[in-house]
Amino acid sequence: MKTTGRLPLRAALKGARLAVLALALHGAAAVAQDFQVRDSTGVALDDAVVYLTPEDGKVPVARPAAASIVQQHKMFMPLVTVVQRGAAIDFPNRDDIAHDVYSLSDAKRFELKLYRGGSKRVVFDKPGVVTIGCNIHDMMIAYVVVVDTPYFAKTGATGRGELPQVPQGRYRVSVWHPRLGNVPAAVVGTFRLPADVSAGAKLLSLTLPLHGD
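Residue numbers -32 to -1, 1 to 181, in mature numbering (1 follows the signal peptide of the UniProt record, and there is no 0), belong to the letters of the sequence shown in order.
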């Protein structure tokens, strides 16, 4: 078992200033939010995780959906997975070689001993960012963001995504991106639904500081 985690992108971000998140909100008792995440130069960021946490702490009871991270071509796919606390993630190996999947992250420490073919399952029961690697192939890396809310989404190639229907109330907005590595998601602002939303769509611009080491 390896004894150190890997943050392959953080070193390159030392001194990076911030990223910009834009949320398009639509006024209604329960709303869906279209959003886009950009870096400080205006470039859209894919694989950014955005989630909302009720400020009153009243998170609705919901059965967490399962997910899957595939091992194929000596890669984990997808790179980023976001799940609610308590969710199970399957790790099918579709390569014709063996992999040894592991994590040393505080939010989830585990090892799936060397296996070829088939699938193994891990339950993620603590919020936080989990960095996943392979003990055999150092280039393999993936991230799991475990959240304590059902209101979450991930951006696609255009930097855009959509949060699910959210009841009215006040929420903290948190954002995470692979460039942060093991650093927890940053709370980038709060808003009330629908009080903060004018008729039609309103654009909220939020910032995500990217701190150096």
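Note that CB positions come from ideal geometry on N, CA and C, so glycine has one too.
With 16 other Cβ atoms within 10 Å as the buried cut-off, status of residue i
| i | result |
| --- | --- |
| Pro132 | exposed |
| Lys76 | buried |
| Val29 | exposed |
| Gly129 | buried |
| Arg147 | buried |
| Asp74 | exposed |
| Ser71 | buried |
| Ile109 | buried |
| Ile65 | exposed |
| Gly149 | buried |
| His179 | Residue confidence for His179 is low, a pLDDT of 47 falling below 50, so the modelled location carries little weight; the figure read from the coordinates is stated next. Answer is exposed; the Cβ neighbour count stays below 16. |
Straight-line Cα distance separating residue j from residue i
| i | j | result |
| --- | --- | --- |
| Ala(-3) | Cys102 | 42 Å |
| Tyr139 | Tyr83 | 42 Å |
| His41 | Val17 | 25 Å |
| Thr117 | Lys94 | 12 Å |
| Glu23 | Ala153 | 16 Å |
| Ala34 | Met45 | 15 Å |
| Gly137 | Ala(-1) | 13 Å |
| Asp68 | Thr49 | 19 Å |
| Ile100 | Ala121 | 20 Å |
| Val151 | Tyr111 | 11 Å |
Assumed close pair residue i, residue j - CB separation to whole angstroms, cut-off 8 Å
| i | j | result |
| --- | --- | --- |
| Val114 | Val51 | 6 Å |
| Arg53 | Phe92 | 7 Å |
| Leu47 | Tyr119 | That belief does not hold up - the Cβ atoms of Leu47 and Tyr119 are roughly 22 Å apart, past 8 Å. |
| Ala12 | Thr126 | 6 Å |
| Gly25 | Asn61 | That belief does not hold up - the Cβ atoms of Gly25 and Asn61 are roughly 39 Å apart, past 8 Å. |
Residue i, enclosing beta strand (DSSP E) - first and last residue
| i | result |
| --- | --- |
| Leu72 | His67 to Ser73 |
| Glu130 | Arg128 to Pro135 |
| Arg89 | Ser87 to Phe92 |
| Val97 | Gly96 to Cys102 |
| Leu80 | Lys76 to Tyr83 |
| Tyr119 | Here Tyr119 belongs to no beta strand (DSSP E), and DSSP marks it neither H nor E. |
| Met43 | Met43 to Met45 |
| Ala(-1) | Ala(-3) to Asp7 |
| Val50 | Val48 to Gln52 |
Beta-carbon proximity list for residue i, same chain, < 6 Å, skipping 5 on both sides
| i | result |
| --- | --- |
| Lys88 | Phe59 and Leu80 |
| residue 193 | Since the first residue shown for the chain is -32 and the last is 181, residue 193 is missing from the structure and cannot be characterised. |
| His105 | Lys42 |
| Val90 | Ile57 and Phe78 |
| Thr9 | none |
| Met107 | none |
Neighbourhood of residue i by C-beta, 8 Å cutoff - its chain only, sequence neighbours within 5 removed
| i | result |
| --- | --- |
| Asp63 | Gln39, Gln40, His41, Lys42 and Arg84 |
| Val134 | Ala(-3), Val(-2), Ala(-1), Gln1, Leu20, Tyr119 and Leu161 |
| Ala55 | Pro32, Ala33, Ala34, Ala35, Val91, Phe92 and Val114 |
| Ile37 | Phe44, Met45, Pro46, Thr49, Ile57, Asp58, Phe59, Ile100, Ala110 and Val112 |
is_contact[residue i, chain D] using C-beta, thresh 7 Å
| i | result |
| --- | --- |
| Ile57 | The structure shown contains no chain D; it is built from a single protein chain. |
Own chain residues within Cβ distance below 7 Å of residue i, not counting five before or after
| i | result |
| --- | --- |
| Val27 | Asp116 and Thr117 |
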